[in-house]
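Student: Got a structure for you, questions after.
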Amino acid sequence: MLELTDNAQKAILKFAATSDKPIGGLRIAVVDGGCSGLQYSMSLEEKPQDGDSVVECGETSVYIDPSSATVLKGVTVDFVDSLQGSGFTFSNPNASRKCACGKSFEACK
287 MLELTDNAQK
297 AILKFAATSD
307 KPIGGLRIAV
317 VDGGCSGLQY
327 SMSLEEKPQD
337 GDSVVECGET
347 SVYIDPSSAT
357 VLKGVTVDFV
367 DSLQGSGFTF
377 SNPNASRKCA
387 CGKSFEACK
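Here is the structure:
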(Lines of atoms letter the chains of each structure in order from A and count residues from 1; the text may use other names and numbers.)
(Lines give C-alpha, C1' and ligand atoms only; values in the text may rest on other atoms or scores of the structure.)
Protein backbone atom coordinates (compact mmCIF):
# COMPACT_ATOMS: atom_id res chain seq x y z
CA MET A 1 0.00 0.00 0.00
CA LEU A 2 2.44 2.70 1.20
CA GLU A 3 6.08 2.55 2.28
CA LEU A 4 8.11 4.71 4.66
CA THR A 5 11.88 4.70 4.26
CA ASP A 6 14.05 4.30 7.36
CA ASN A 7 14.80 8.04 7.27
CA ALA A 8 11.09 8.87 7.15
CA GLN A 9 10.34 6.52 10.06
CA LYS A 10 13.12 8.06 12.17
CA ALA A 11 11.90 11.60 11.45
CA ILE A 12 8.29 10.73 12.31
CA LEU A 13 9.32 9.10 15.60
CA LYS A 14 11.46 12.16 16.41
CA PHE A 15 8.55 14.55 15.78
CA ALA A 16 6.16 12.32 17.74
CA ALA A 17 8.54 12.29 20.73
CA THR A 18 8.34 16.09 20.97
CA SER A 19 4.53 16.21 20.91
CA ASP A 20 2.65 17.27 24.02
CA LYS A 21 -0.26 14.94 23.21
CA PRO A 22 -0.43 11.15 22.83
CA ILE A 23 0.50 10.03 19.33
CA GLY A 24 -0.76 6.77 17.88
CA GLY A 25 0.27 7.31 14.29
CA LEU A 26 0.74 9.52 11.27
CA ARG A 27 -2.14 10.57 9.03
CA ILE A 28 -1.23 10.99 5.36
CA ALA A 29 -3.92 12.38 3.09
CA VAL A 30 -4.29 13.79 -0.39
CA VAL A 31 -6.13 17.12 -0.42
CA ASP A 32 -7.07 19.70 -3.04
CA GLY A 33 -4.46 22.41 -3.44
CA GLY A 34 -1.24 23.53 -4.99
CA CYS A 35 -0.64 24.54 -8.59
CA SER A 36 -1.15 21.00 -9.95
CA GLY A 37 -4.43 20.36 -8.13
CA LEU A 38 -3.51 17.93 -5.34
CA GLN A 39 -1.07 17.97 -2.44
CA TYR A 40 -0.11 15.82 0.51
CA SER A 41 -1.20 16.49 4.07
CA MET A 42 0.54 14.95 7.08
CA SER A 43 -0.41 15.17 10.75
CA LEU A 44 0.32 13.25 13.93
CA GLU A 45 -2.87 11.72 15.34
CA GLU A 46 -3.87 9.96 18.53
CA LYS A 47 -5.92 7.27 16.75
CA PRO A 48 -7.38 6.39 13.36
CA GLN A 49 -10.81 7.64 12.33
CA ASP A 50 -13.68 5.36 11.34
CA GLY A 51 -13.07 3.97 7.86
CA ASP A 52 -9.31 4.62 7.85
CA SER A 53 -6.87 2.04 6.57
CA VAL A 54 -4.01 1.47 9.00
CA VAL A 55 -0.67 0.60 7.44
CA GLU A 56 2.10 -0.61 9.75
CA CYS A 57 5.52 0.63 8.65
CA GLY A 58 8.08 -0.54 11.19
CA GLU A 59 7.28 1.26 14.46
CA THR A 60 4.98 3.74 12.72
CA SER A 61 1.26 3.34 12.11
CA VAL A 62 0.02 5.31 9.10
CA TYR A 63 -3.65 6.30 8.90
CA ILE A 64 -5.13 6.74 5.43
CA ASP A 65 -8.69 7.90 4.76
CA PRO A 66 -10.72 6.04 2.09
CA SER A 67 -10.68 8.93 -0.41
CA SER A 68 -6.85 9.13 -0.32
CA ALA A 69 -6.16 5.38 -0.42
CA THR A 70 -6.21 4.94 -4.20
CA VAL A 71 -3.89 7.88 -4.87
CA LEU A 72 -1.48 6.79 -2.10
CA LYS A 73 -1.23 3.17 -3.30
CA GLY A 74 2.42 2.39 -4.02
CA VAL A 75 3.76 5.69 -2.63
CA THR A 76 7.18 5.78 -0.96
CA VAL A 77 7.69 8.51 1.64
CA ASP A 78 11.25 9.59 2.44
CA PHE A 79 12.80 12.27 4.64
CA VAL A 80 15.64 14.24 3.10
CA ASP A 81 18.03 16.48 5.03
CA SER A 82 20.30 18.55 2.79
CA LEU A 83 21.87 21.98 2.43
CA GLN A 84 18.84 23.00 0.38
CA GLY A 85 16.48 22.13 3.21
CA SER A 86 14.88 19.20 4.92
CA GLY A 87 11.50 17.60 4.62
CA PHE A 88 9.41 14.69 3.49
CA THR A 89 9.39 13.68 -0.16
CA PHE A 90 6.85 11.50 -1.95
CA SER A 91 7.54 9.13 -4.83
CA ASN A 92 4.09 8.50 -6.28
CA PRO A 93 3.54 6.15 -9.24
CA ASN A 94 -0.01 7.53 -9.49
CA ALA A 95 1.13 11.09 -10.26
CA SER A 96 0.88 11.97 -13.93
CA ARG A 97 2.83 15.20 -13.37
CA LYS A 98 4.35 17.20 -10.53
CA CYS A 99 4.55 20.93 -10.11
CA ALA A 100 8.02 22.47 -10.48
CA CYS A 101 8.16 23.24 -6.75
CA GLY A 102 7.53 19.55 -5.99
CA LYS A 103 4.76 20.32 -3.50
CA SER A 104 1.74 19.39 -5.60
CA PHE A 105 0.82 16.88 -8.29
CA GLU A 106 -1.85 15.69 -10.67
CA ALA A 107 -3.12 12.13 -10.31
CA CYS A 108 -3.39 9.72 -13.22
CA LYS A 109 -6.96 9.36 -14.38
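If you read the sequence shown in our numbering, its first letter stands for residue 287, the second for the next number, and so on.
Where a beta carbon is used, it is the ideal one built from N, C-alpha and C, also for glycine.
A quick note: this is a predicted structure, and the numbers were derived from the prediction, not measured.
#1: Indicate whether Leu-299 and Glu-345 have their beta-carbon atoms separated by less than 8 Å.
#2: Per DSSP, which one or two residues make a beta bridge with Met-328?
#3: So, helix, strand or coil for Ser-347, using DSSP?
#4: How many Å lie between Phe-376 and Asp-351 at the Cα?
#5: Quick test of your reading: Ile-309 and Ala-302, contact by CB under 8 Å. State the CB separation rounded to the nearest angstrom.
Tutor: With the given structure in hand:
#1: As a first step, residue 299 is located in the sequence shown; it is residue number 13 there, counting from the start. As a first step, residue 345 is located in the sequence shown; it is residue number 59 there, counting from the start. Going by C-beta atoms, Leu-299 is nearer than 8 Å to Glu-345.
#2: Taking the first residue of the sequence shown as position 1, residue 328 is located at position 42. Paired residues: Ile-314.
#3: Here residue 347 is taken as the residue at index 61 of the sequence shown, counted from 1. DSSP places Ser-347 in strand when its eight states are reduced to three.
#4: Along the sequence shown, one-based indexing puts residue 376 at 90. Along the sequence shown, one-based indexing puts residue 351 at 65. Taking the straight line from one Cα to the other gives about 17 Å.
#5: Residue mapping note: residue 309 aligns to position 23 of the sequence shown, counting from 1. Residue mapping note: residue 302 aligns to position 16 of the sequence shown, counting from 1. The Cβ separation is near 4 Å, so the contact holds.
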